[in-house]
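Peer 1: The numbering used here runs 87 ahead of the 1-based position in the sequence shown. The structure that follows is given in the form of structure tokens.
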Amino acid sequence: MTPTFWISAVGLDRPGLVAELTGALADLGANIEDAAMSRFRDWFAIMLLVTGDASLDQALSAGEWPEDLVLTVRPVVAGESTAPAAATHRLSVYGADRPGIVAEATRLLAERGFNIIDLEVEVMRRDDEALFVMVLDFAADDDPTGIDAALSERIGLDVHLVALDAVAL
């Protein structure tokens, strides 16, 4: 069985950062099997699940990377699940920003046994006001009807729940 690795990298955003890291992986014969990448203000974050030679972690660690790039390589232990769960629902949350919104929302989902698949937050500032926007996709084996009202009551913000249709590729 080919070894599997989790790779994360965070560095100052610049053209070519993704090409540099993925090119190094290709040169080492690694195959990207899952990926998420995003820009956060002036920073760029990369998360990859790759398969490759057992020495991949040492080869990447020995590479020459920009000083601002923090690169982490971790072998996936045999038996750990790397199969993605499909998101079944999306929560959208809007309102005045304050500390603790993400913690409260995710705590409620955890209490109900729902697994978060993807979460994005953006705070839009204008003058002295800050609008919080969160989009959260989750997998639910049980019916999540009413979780939007429960969350809205808990955090005092507008919350909307929609079911996601499965997409066949």
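Backbone N, C-alpha and C define an ideal beta-carbon position, used for all residues, glycine too. This structure is a prediction, so every number in the text was calculated from the model and none was measured.
Inspect the beta-carbon positions of Val222 and Glu240 and report whether they are closer than 7 Å.
Peer 2: In the sequence shown, residue 222 corresponds to position 135, counting from 1. In the sequence shown, residue 240 corresponds to position 153, counting from 1. Contact flag unset, no.
Peer 1: Using the Cβ count rule (16 or more neighbours within 10 Å means buried), how would you classify Ala192?
Peer 2: Here residue 192 corresponds to residue number 105 of the sequence shown, with the count starting at 1. Ala192 is buried by the Cβ-count criterion.
Peer 1: With Ile107 as the anchor, note down where its beta strand (DSSP E) starts and where it stops.
Peer 2: What you label residue 107 is simply residue 20 of the sequence shown in a count that begins at 1. Here residue 107 turns out to be Glu, not Ile, going by the sequence shown. Here Glu107 belongs to no beta strand (DSSP E); instead the alpha helix (DSSP H) covers 104-114.
Peer 1: With a CB to CB cut of under 7 Å and the five nearest residues on each side skipped, what residues in its chain are close to Leu256?
Peer 2: Reading the sequence shown from its first residue, position 169 is the one you call residue 256. Low confidence applies here, because Leu256 scores a pLDDT of 48, under 50, leaving its location unreliable; read the following figure in that light. Taken in chain order, the list of residues that qualify is empty.
Peer 1: Okay, do the region 129-142 and the region 91-99 touch, 3+ Cβ pairs below 8 Å being the bar?
Peer 2: Touching, per the Cβ criterion.
Peer 1: Is it the case that the region 229-246 contacts the region 207-216, given that we only count it when at least three CB pairs across the two stretches are under 8 Å?
Peer 2: No, they do not touch.
Peer 1: Which partner residues does Arg194 have in the DSSP bridge list?
Peer 2: By 1-based counting over the sequence shown, the position of residue 194 is 107. Partner(s): none; Arg194 has no beta bridge.
Peer 1: In three-state DSSP terms, what is Leu256?
Peer 2: In the sequence shown, the residue the question calls residue 256 occupies position 169. Because the pLDDT of Leu256 is 48, which lies under 50, any placement of that residue in the model is unreliable, and the number read from its coordinates should be weighed accordingly. Coil at Leu256, not helix or strand.
Peer 1: Tell me Trp130's beta-bridge partners as DSSP assigns them.
Peer 2: Residue mapping note: residue 130 aligns to position 43 of the sequence shown, counting from 1. Leu99, Phe127.
Peer 1: In terms of alpha-carbon separation, which member of Leu156, Leu196, Asp224, Val246 lies closest to Asp252?
Peer 2: Start at 1 with the first residue of the sequence shown, and residue 252 comes out as number 165. When each option's Cα is compared against that of Asp252, the closest is Asp224.
Peer 1: Just how far apart, CA to CA, sit Glu216 and Thr91?
Peer 2: Taking the sequence shown and counting its residues from 1, one reaches residue 216 at position 129. Taking the sequence shown and counting its residues from 1, one reaches residue 91 at position 4. Their backbone Cα atoms lie some 45 Å apart in a straight line.
Peer 1: In the structure shown, what three-state DSSP assignment does Ala226 receive?
Peer 2: Reading the sequence shown from its first residue, position 139 is the one you call residue 226. Note: Ala226 maps to strand in three-state DSSP.
Peer 1: Buried or exposed, going by whether 16 or more other CB atoms sit within 10 Å of the CB of His176?
Peer 2: The sequence position of residue 176 within the sequence shown is 89, counting from 1. With 16 or more Cβ atoms within 10 Å of its Cβ, His176 is classed as buried.
Peer 1: With a threshold of 6 Å on Cβ separation, who are the neighbours of Ala231 within its own chain once the five nearest residues in sequence on each side are excluded?
Peer 2: Taking the sequence shown and counting its residues from 1, the one referred to as residue 231 is at position 144. The question names Ala, but residue 231 is Pro in the sequence shown. Around Pro231: His176.
Peer 1: Please report the residue range of the beta strand (DSSP E) in which Arg241 lies.
Peer 2: In the sequence shown, counting from the first residue as 1, residue 241 sits at position 154. Arg241 -> not in any beta strand (DSSP E); alpha helix (DSSP H) instead, spanning 234-242.
Peer 1: Taking the C-alpha atoms as reference points, what is the distance between Asp214 and Glu198?
Peer 2: Counting from 1 along the sequence shown, the entry for residue 214 is found at position 127. Counting from 1 along the sequence shown, the entry for residue 198 is found at position 111. Their backbone Cα atoms lie some 36 Å apart in a straight line.
Peer 1: Give, in chain order, every unbroken run of the beta strand (DSSP E) that is at least 3 residues long and sits entirely within the region 135-177.
Peer 2: Counting only runs of 3 or more, we get 157-162.
Peer 1: Compare the beta carbon distance of Leu180 and Leu248 with 7 Å and say whether it is the shorter of the two.
Peer 2: Taking the first residue of the sequence shown as 1, we reach residue 180 at position 93. Taking the first residue of the sequence shown as 1, we reach residue 248 at position 161. Rather than Leu, the amino acid found at residue 180 in this sequence is Val. No.
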